[in-house]
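Residue numbers (my numbering), protein chains in the order written: chain A, 3 to 333; chain B, 1391 to 1649. For glycine and all other residues, C-beta sits at the position ideal for the given N, C-alpha and C.
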């Protein structure tokens, strides 16, 4: 048999396949940015990308480490408010504000993860839900900081890097697309690493993972922190894109939407978060024509995805594409 | 002595699952732990591997007291185990599963993994090689490397689990009924694999119901019943022990005196 040195590299090969995916994503993003001109479509894509960044955090936390959170909107809010306040009250440049927002959301996530991650499964869902609700109430009531529900934050300057002001969807699109590609690459790096394998292992059996030397508690806490930081980053971008927002955005609805994005997209791969974010953000706008039946149609579509594509919409589409391709080759 | 268990105990309410059990395991030897169902063998294994906390007693690993340590701390000291029903990770292929075993031989954390630094890339290659060697060691064919581990036949799943434990490069291995559910051929192969592990200098503690394997390959046998150690010795000594025979075959009920 060939020596071990000759057969190694199989793990790296899978990694490079995903990296190629990120390159394709960058090319597609570039093509869209150069061809699509209607700001309505670009806004939709900006929102999708922002939610995709938050959903990537959720994908790591729920899809890989198997820890559910129904309170991610809290970190989205922390990111948005930190950015807004640092820029509006302290006059910091938005880029620095974004870095601080990411860091602060991460620190906040780290702090609450210690007690929350003592819970598992349904109890963790309830715990994070309660945490999300509490944060929403705090955002709504701390009016002297957040502006509460009315008026909220008003008149935040659009994102700017030096003299370049990203004051329209077209310009913001480039920034958000770039951030998304970078985050996607970082997440893919993580997934194809010693840590990524440890997360997948502890999702299935914490005991077996610990028995092999995986520090389960540390891995879970670090994943929660990272997910919170990514959600904070998304919140910061959201704040600058909106320029005006109030606490209602950061309610339980957003937390659940982030969870749905990952479940609908696919929990098995970070690409699921991207599919899911596009799906959940864009589909409702197609349903506007149905008016009163919007929720009904949305519910039916969701149920159909859950029943016929249990591995997620993203994976379902890929599987169908692959099987069509194979069938054609057989002919 | 590599592994010394002294007076380990575990009680669940009124039930004493493990009652002051003492045993030692030495490098290069296979120490078998046998006993009827419910004797407390797996509980003892769980105590040693840190899955559950002991209620009393001491456990020395290479002379160091390790009672109350968590499983991942014990793993760093070189102790690992397999499970009665294979605890494989779904969504992972054979190679990745075994690479989790090599986890503690890497140092890359979240940050260096996310940025995939040069050091991390080198480390990945090293971990993969380590896993491939372990897979080779247990005789798994390379064609299975990229197959999902949970899709394999039961006997092969057992091998994956042993390979995963070996990728850790442990010094002490606890095997919980590794032959359960295997056919005769697989059992023979497993027995010679376990034997070769011991001859490489590993300390093997084997919980097993298959008496042919236990008596055939172990140097030292510890017998438990109702949570207590009832006998200990070489396979031949244990087989001749009256308490062991009674435990396995039962004792005839005494006739009431006034019958």
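Taking 8 Å as the threshold, the shortest C-beta distance from residue 202(A) to chain B falls below it. In terms of beta-carbon proximity, residue 1567(B) stays away from the interface with chain A, with every pair separated by 8 Å or more. It is roughly 27 Å from the alpha-carbon of residue 1589(B) to the alpha-carbon of residue 1630(B). Listed in chain order, the alpha helix (DSSP H) runs fully inside the stretch 115-195 of chain A are 123-143, 145-148, 171-193, counting runs of at least 4 residues. Those residues of the stretch 1494-1515 of chain B placed with their C-beta closer than 9 Å to a C-beta in chain A are 1494, 1495, 1496, 1497, 1498, 1499, 1500, 1502, 1503, 1504, 1505, 1506, 1510, 1511, 1513, 1514, 1515, ordered along the chain. When only Cα atoms are considered, residue 49(A) and residue 240(A) end up about 8 Å apart. Residue 1626(B) and residue 1611(B) have their C-alpha atoms spaced approximately 9 Å apart.
By the criterion of a C-beta distance shorter than 7 Å, residue 1608(B) is surrounded in its chain by 1420, 1421, 1422, 1596, 1625, once the five residues flanking it on both sides are discounted. Across the stretch 1529-1540 of chain B, CB contacts with chain A closer than 7 Å involve 1532, 1535, 1536, in sequence order along the chain.
Looking at the backbone, the Cα of residue 1638(B) and that of residue 1529(B) are separated by about 35 Å. In the three-state DSSP reduction, residue 43(A) falls in the helix class (H, G or I). Assigned with DSSP and collapsed to three states, residue 1470(B) falls in strand. Around the beta-carbon of residue 1436(B), 16 or more other beta-carbon atoms lie within 10 Å, marking it buried.
Going by beta carbons, residue 1548(B) and residue 1587(B) fall outside the 8 Å limit. In the three-state scheme derived from DSSP, where H, G and I count as helix and E and B as strand, residue 308(A) is classed as helix.
Separation of residue 1462(B) and residue 1417(B) (C-alpha to C-alpha, rounded to the nearest whole angstrom) is 21 Å.
At a Cβ-Cβ threshold of 8 Å, residue 1577(B) and residue 1552(B) do not count as neighbours.
In its chain, beyond the 5 residues on either side, no residue has a beta carbon closer than 7 Å to the beta carbon of residue 297(A). The straight-line gap separating the alpha-carbon atoms of residue 110(A) and residue 230(A) is approximately 8 Å. For residue 119(A), no chain B residue has a C-beta closer than 8 Å to its own C-beta; the minimum C-beta separation is roughly 15 Å. Within chain A, the residues whose beta carbon sits less than 9 Å from that of residue 1473(B) are 207, 209, 210, 213, listed in sequence order. Taken in chain order, the unbroken stretches of alpha helix (DSSP H) that lie wholly in the stretch 1500-1542 of chain B and span 4 residues or more are 1500-1504, 1508-1527. Annotated as distal: residue 71(A) and residue 274(A), with beta-carbon spacing of 8 Å or more.
Contact annotation: residue 77(A) and residue 237(A) have beta-carbon atoms nearer than 8 Å. Your pair residue 1613(B) and residue 1594(B) does not check out as a contact, with CB atoms roughly 17 Å apart and the cut at 8 Å. Within the model, the alpha-carbon separation for residue 1499(B) versus residue 1507(B) is close to 11 Å. Two segments are said to touch when three or more pairs of C-beta atoms, one from each, lie closer than 8 Å; by this definition the stretch 244-262 of chain A touches the stretch 132-146 of chain A.
The C-alpha of residue 1562(B) lies about 14 Å from the C-alpha of residue 1440(B).
Taking C-alpha positions only, residue 211(A) is separated from residue 1479(B) by approximately 9 Å. Assigned with DSSP and collapsed to three states, residue 1422(B) falls in strand. Out of 103(A), 243(A), 26(A), the CA that lies nearest to the CA of residue 171(A) is found in 243(A). When the Cα atoms are used, residue 1450(B) and residue 131(A) turn out to be separated by approximately 44 Å. At least 8 Å separates the beta-carbon of residue 1519(B) from that of residue 264(A).
For residue 1480(B), the chain A residues whose Cβ falls inside 7 Å of its Cβ are 206, in order along the chain.
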